[in-house]
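Have a look at the structure below before the remarks.
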DNA sequence: GTCCGTGCAAAACGTTTGCACGGAG
DNA sequence: CTCCGTGCAAACGTTTTGCACGGAC
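Residue numbers (this note's numbering), protein chains in the order written: chain U, 34 to 194; chain S, 34 to 194.
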């Protein structure tokens, strides 16, 4: 039941601006008996505005600089974990490092191509791959919860050099 | 050039027994100016025989118990990194923990479905997904180096409970 | 004798936890 | 007054690094 409202929140986020997103978010928190804070909002705003894939340290640093809010790294991790479990943000691991990078799920689900040279991340969504995954999981008796589809390679610019 | 011989080694490994595999491996090391050691062989043998997805600690522990070889965890990591870069072993991350598990690439490339409840790993290979990935990468100007396709879900047995 | 790979221990890294404080209801 | 979320610092688990030793050539 909680899961349903979480997923709905994720879906409702599409095509909205940040203010209305925060409104839904606060409502969601209240329903769960939790309260919104300036830190939670700042983390989300950074992910919303930077639109990149940021790790916890980067988020903390931007929050401090841009919004002059004192924020502890533990708070960032606590909130990112909460947001990830609520399907509001999603995490990817850029190869070679063991660091998780996060992005807001506002554009709906997509997968990633990452350049192993410059780190550039390109997003894509492929209906066929999604369908194949579902079939594979089903034929193996699995119910899909999530998946991670990341392609690593060299981008055009880096090939040119 | 180094990369080519590495990839060839990976391909040549299919359908061979461990002895001939080690022979190719030693040749590959010699070409690269490196030497084989009892530790390298033991790590590979464990991955070859156990056929599961083992993390560094597990590999070290099995090497010590089964082959009575003293091996330091640093050596295991050093060799696993080398083997991964040489495409001889590949790593997956079982969700929630941040630990890498390794498997030998002897059966050729495949992807994984992991049960988030019991940790069971099922391997699969899907021609259509592979093809789609190639097309997506190309249309974005990328040359694929590798990819990670992991589906997380609940397996039949865990659903039954 | 030189060099490379090792074991050990310490360090580094990303992340989580314990605790006391402060602000909201 | 209570409770929840926070900052800080310490702890944690995984992985990497520095160093000295020993064996292969």
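All C-beta atoms, glycine included, are put in the ideal place defined by N, C-alpha and C.
For clarity, every value in this text was computed on a predicted model and none was experimentally measured.
Which value, in whole angstroms, describes the spacing of the CA atoms of residue i and residue j?
i: residue 137(U); j: residue 121(U); result: 6 angstroms
i: residue 191(U); j: residue 118(S); result: 20 angstroms
i: residue 116(U); j: residue 74(S); result: 44 angstroms
i: residue 103(U); j: residue 62(U); result: 22 angstroms
i: residue 159(U); j: residue 80(S); result: 34 angstroms
i: residue 65(U); j: residue 59(U); result: 10 angstroms
i: residue 144(S); j: residue 176(U); result: 17 angstroms
i: residue 34(U); j: residue 178(U); result: Because residue 34(U) carries a pLDDT of 23, less than 50, the predicted location of this residue cannot be relied on, and the following value inherits that uncertainty. If I take the Cα positions, the gap works out to 15 angstroms.
i: residue 124(U); j: residue 166(U); result: 19 angstroms
i: residue 82(U); j: residue 98(U); result: 14 angstroms
i: residue 180(U); j: residue 53(S); result: 36 angstroms
The alpha helix (DSSP H) that contains residue i, what's its start and end?
i: residue 183(U); result: Taken as a continuous stretch (DSSP letters only), residue 183(U) belongs to no alpha helix (DSSP H), being part of the beta strand (DSSP E) at 176 to 187.
i: residue 162(S); result: 160 to 172
i: residue 70(U); result: Here residue 70(U) belongs to no alpha helix (DSSP H), and DSSP marks it neither H nor E.
i: residue 22(U); result: Residue 22(U) lies beyond the stretch modelled for chain U, which goes from 34 to 194, so this question has no answer here.
Would you mind telling me which residues of chain U sit closer than 8 angstroms to residue i, beta carbon to beta carbon, in chain order?
i: residue 157(S); result: 169 and 173
i: residue 146(S); result: 169, 170, 173 and 175
Let me check one thing: in DSSP terms, what residues is residue i bridge-paired to?
i: residue 133(U); result: 126(U)
i: residue 148(U); result: 186(U)
i: residue 87(U); result: 135(U)
i: residue 117(U); result: Per DSSP, none; premise fails for residue 117(U).
i: residue 157(S); result: 144(S)
Show which residues of chain S have a CB atom less than 8 angstroms away from the CB atom of residue i.
i: residue 114(U); result: Within chain S, no residue comes near residue 114(U); the closest Cβ sits about 11 angstroms away, beyond 8 angstroms.
For residue i, return the contacting residues in chain S, with the cut-off set at a CB-CB distance below 7 angstroms.
i: residue 108(U); result: Chain S residues near residue 108(U): none, gap ~20 angstroms exceeds 7 angstroms.
i: residue 189(U); result: 174
i: residue 154(U); result: The premise fails here: residue 154(U) is roughly 11 angstroms from chain S at the closest Cβ pair, so nothing lies under 7 angstroms.
i: residue 192(U); result: 176
i: residue 131(U); result: 131
Give the residues of chain U in contact with residue i, contact being defined as C-beta atoms less than 9 angstroms apart.
i: residue 181(S); result: 126, 128, 181, 182, 183, 184 and 185
Give the interface partners of residue i over in chain U, defined as CB-CB distance under 7 angstroms, in chain order.
i: residue 165(S); result: 159, 161 and 162
i: residue 149(S); result: 178
Next on the checklist: When you compare the stretch 152 to 167 of chain U with the stretch 175 to 188 of chain U, are there three or more beta-carbon pairs, one atom per stretch, that lie closer than 8 angstroms?
Outcome noted: yes
Checklist entry - Quick check: the stretch 57 to 72 of chain S against the stretch 97 to 114 of chain S, are there 3 or more CB pairs under 8 angstroms? => result yes
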